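S.K.: In the order they appear, the protein sequences are chains R and C. For the first sequence, position 124 matches number 124 in full-length UniProt numbering, and the numbering has no gaps at all. For the second sequence, position 94 matches number 94 in full-length UniProt numbering, and the numbering has no gaps at all. Glycine is no exception: its CB is placed at the ideal position from the N, C-alpha and C atoms. Quick caveat, the model's predicted, so the values are computed rather than measured.
Number of protein chains: 2
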Amino acid sequence: MDRAALFQKFVTFTTALHEVTHELTKDIKPDDITPVQYSILEYIAVSQPVTLSQISDCMHISMPNTSRELKKLTEKNLCEKFDVAEDRRKQLIRLSEAGQTMMDVAFQRIGGRFLERIKHVSAEELEDIERALDVLQTKVFQGE
Amino acid sequence: MDRAALFQKFVTFTTALHEVTHELTKDIKPDDITPVQYSILEYIAVSQPVTLSQISDCMHISMPNTSRELKKLTEKNLCEKFDVAEDRRKQLIRLSEAGQTMMDVAFQRIGGRFLERIKHVSAEELEDIERALDVLQTKVFQGE
DNA sequence: CCATTTGGTTATCAAATGATAAGTAATGGG
DNA sequence: CCCATTACTTATCATTTGATAACCAAATGG
Chain R
1 MDRAALFQKF VTFTTALHEV THELTKDIKP DDITPVQYSI LEYIAVSQPV
51 TLSQISDCMH ISMPNTSREL KKLTEKNLCE KFDVAEDRRK QLIRLSEAGQ
101 TMMDVAFQRI GGRFLERIKH VSAEELEDIE RALDVLQTKV FQGE
Chain C
1 MDRAALFQKF VTFTTALHEV THELTKDIKP DDITPVQYSI LEYIAVSQPV
51 TLSQISDCMH ISMPNTSREL KKLTEKNLCE KFDVAEDRRK QLIRLSEAGQ
101 TMMDVAFQRI GGRFLERIKH VSAEELEDIE RALDVLQTKV FQGE
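(1) Could you name the residues of the same chain whose beta carbon sits closer than 8 angstroms to that of R/Leu41, not counting the 5 residues immediately before and after it, in chain order?
(2) Kindly identify the DSSP beta-bridge partner or partners of C/Leu92.
(3) Looking only at its chain, what residues have a beta carbon closer than 8 angstroms to the beta carbon of R/Pro35, apart from the 5 residues adjacent to it on each side?
(4) I'd like to check one pair, C/Phe141 with R/Leu17: are the Cβ atoms closer than 8 angstroms?
(5) Residues of chain R with a CB under 8 angstroms from the CB of C/Ile118: which are they?
(6) What does the Cβ neighbour count give for C/Phe82, buried or exposed, with the cut at 16 atoms within 10 Å?
(7) Would you check whether the ligand GDP has a heavy atom nearer than 7 angstroms to the C-beta of C/Leu52?
(8) Along the alpha helix (DSSP H) that carries R/Lys26, what are the first and last residues, could you check?
(9) Any beta carbon of chain R sitting closer than 8 angstroms to that of C/Thr101?
(10) Leaving aside the five residues before and after C/Lys90 along the sequence, list all residues of the same chain whose C-beta is less than 7 angstroms from its C-beta, in chain order.
(11) So which residues of chain C does residue 145 of chain R contact, with C-beta pairs closer than 9 angstroms?
(12) Is C/Ala106 close to chain R? Criterion is C-beta to C-beta, closer than 8 angstroms.
(13) Measuring only the C-alpha atoms, how far is R/Ser39 from R/Leu70?
(14) Find the residues of chain C that neighbour R/Leu41, judging by a C-beta separation of less than 8 angstroms, and give them in chain order.
(15) Starting from the beta carbon of R/Ala132, find every residue of chain C whose beta carbon is closer than 7 angstroms, and list them in chain order.
(16) So the candidates are R/Ala106, R/Asp57, R/Arg113; which of them puts its Cα closest to the Cα of R/Asp31?
(17) Under 8 angstroms, do R/Lys9 and C/Glu130 count as touching if we go by C-beta distance?
(18) Nearest CA to the CA of R/Gln137: which residue from C/Phe7, C/Glu116, C/Thr15?
(19) If you compare alpha carbons, which of C/Arg3, C/Thr12, C/Asp2, C/Ala4 is closest to R/Asp134?
(20) Quick one: list the residues of chain R neighbouring C/Val50, beta-carbon separation under 8 angstroms, in chain order.
(21) Please classify R/Ala132 as buried or exposed, where buried requires at least 16 neighbouring CB atoms within 10 angstroms.
(22) Please classify R/Leu6 as buried or exposed, where buried requires at least 16 other C-beta atoms within 10 Å of its C-beta.
(23) Quick one: give me the first and last residue of the alpha helix (DSSP H) that R/Gln100 is part of.
(24) Tell whether a beta-carbon distance below 8 angstroms holds between C/Leu24 and C/Ile110.
(25) Counting contacts by CB-CB distance shorter than 8 angstroms, is R/Thr66 in contact with chain C?
(26) Kindly list the residues whose CB is nearer than 6 angstroms to the CB of C/Ala123, restricted to its own chain and excluding five residues on each side of it in sequence; keep chain order.
(27) What whole-angstrom Cβ distance do R/Pro64 and R/Ile93 have, given they're in contact under 8 angstroms?
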């Protein structure tokens, strides 16, 4: 298989993962937050504490819009801002207790669906999967 | 590694792929179509000919909204509708010549970036990657 | 200590997207 | 032949998202 064919396979793969992700995460997001807000919360949950600039950079949302959405999230008591002693311009963002609980429940449910999906795979296959994830992570994703 | 830990790894993996995809596809979409329209064109390009219902189902866009966006795309001469002889309610959608050219160029550029990204991997590693994609495709994605 | 950069906010606007109701026309099953 | 269903359309509305300008305050670097 040449590299062009591998690209084709990669495209198919990406599409399939996208679909699986959609299956795993559908109906997870609470109704009272928007999709963008939910994805910001996901990012905070995984990377907290984070600054506004980090959110803006990583999620490709402009600073003004990040600021706006974050303000809404704090108003909903889902996350909190803390001042940074060393640099008083910066603010660190963390999930509030309610936000943490919400995201814990969400991840719990997604994880459950994932386990359900792989419940039939054997222990050896499980290792194959783990190796596969590592291979792609190291050889394709962290290119340079 | 237990299954819960594998889930963690899967989440990390998904995030990384998302970021890579963003890198590969940024600034590819022409300015005169919206993100949703572009993703519809991607889907048509890969699956043509398709019906409106298929687009609606696969992309998780309601029929009215699919109809609206497709109307805009045909008005921009990027795709065409054909009547189906057997069932006159249905319509098959294909890219127009201009649409095909546009998507060919887009895929060409994305493919180029992908090749650039894997240009340093050896022939053996290439096979590792291919095997990894197959493993995930069969053992995780097509779960039932 | 002044100019520039960084980190963030507020306000405002336009565009994109999502949701719903209501309708047409064709099909298909009793 | 009629009723329910399928496939799609049109219209309309609310919400979300993206983009821009203008601003403040703290830091940083000559």
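M.R.: According to the data block:
(1) Taken in chain order, the residues that qualify are Ile33, Leu73, Leu78, Cys79, Leu95, Gly99, Met102, Met103.
(2) The partner list for C/Leu92 (beta bridge, DSSP) reads C/Thr51, C/Phe82.
(3) Hits under 8 angstroms: Lys29.
(4) Yes, the pair counts as a contact, with Cβ atoms nearer than the cut-off.
(5) Taking a Cβ-Cβ threshold of 8 angstroms, the residues of chain R close to C/Ile118 are Arg3, Leu6, Lys139, Val140, Gly143, in chain order.
(6) C/Phe82 counts as exposed, since fewer than 16 other C-beta atoms from the protein chains shown sit within 10 angstroms of its C-beta.
(7) The ligand GDP is not among the ligands present in this structure, which contains no ligands whatsoever.
(8) DSSP places R/Lys26 outside any alpha helix (DSSP H), giving it a letter other than H or E.
(9) False, the Cβ-Cβ gap to chain R never drops below 8 angstroms.
(10) The beta carbon of C/Lys90 is closer than 7 angstroms to those of Thr51, Val84 in its chain, skipping five residues each way along the sequence.
(11) Residue numbering for chain R in the displayed model covers 1 to 144; residue 145 of chain R lies beyond these limits and cannot be assessed.
(12) Chain R contact via Cβ: absent.
(13) Whole-angstrom Cα-Cα distance: 12 angstroms.
(14) At a C-beta separation below 8 angstroms, R/Leu41 has no neighbours in chain C, since its nearest C-beta there lies roughly 14 angstroms away.
(15) Within 7 angstroms Cβ-Cβ: Ala132, Val135, Leu136.
(16) Closest by alpha carbon: R/Ala106.
(17) Yes, the pair counts as a contact, with Cβ atoms nearer than the cut-off.
(18) That would be C/Thr15, whose Cα lies nearest to the Cα of R/Gln137.
(19) The shortest CA-to-CA distance from R/Asp134 to any of C/Arg3, C/Thr12, C/Asp2, C/Ala4 is the one to C/Thr12.
(20) Correct list: empty, because the minimum Cβ distance to chain R is about 14 angstroms.
(21) Burial call: buried.
(22) By the neighbour-count definition (other C-beta atoms within 10 Å, threshold 16), R/Leu6 is a buried residue.
(23) From DSSP, the alpha helix (DSSP H) with R/Gln100 extends over 97-117.
(24) Yes; because the gap between Cβ atoms is below 8 angstroms, this pair is in contact.
(25) For R/Thr66, the closest Cβ of chain C is not nearer than 8 angstroms.
(26) Non-local C-beta neighbours of C/Ala123 in its own chain, meaning closer than 6 angstroms and more than five positions away in sequence, are absent.
(27) R/Ile93 and R/Pro64 do not touch by the CB rule: their CB atoms are close to 16 angstroms apart, not below 8 angstroms.
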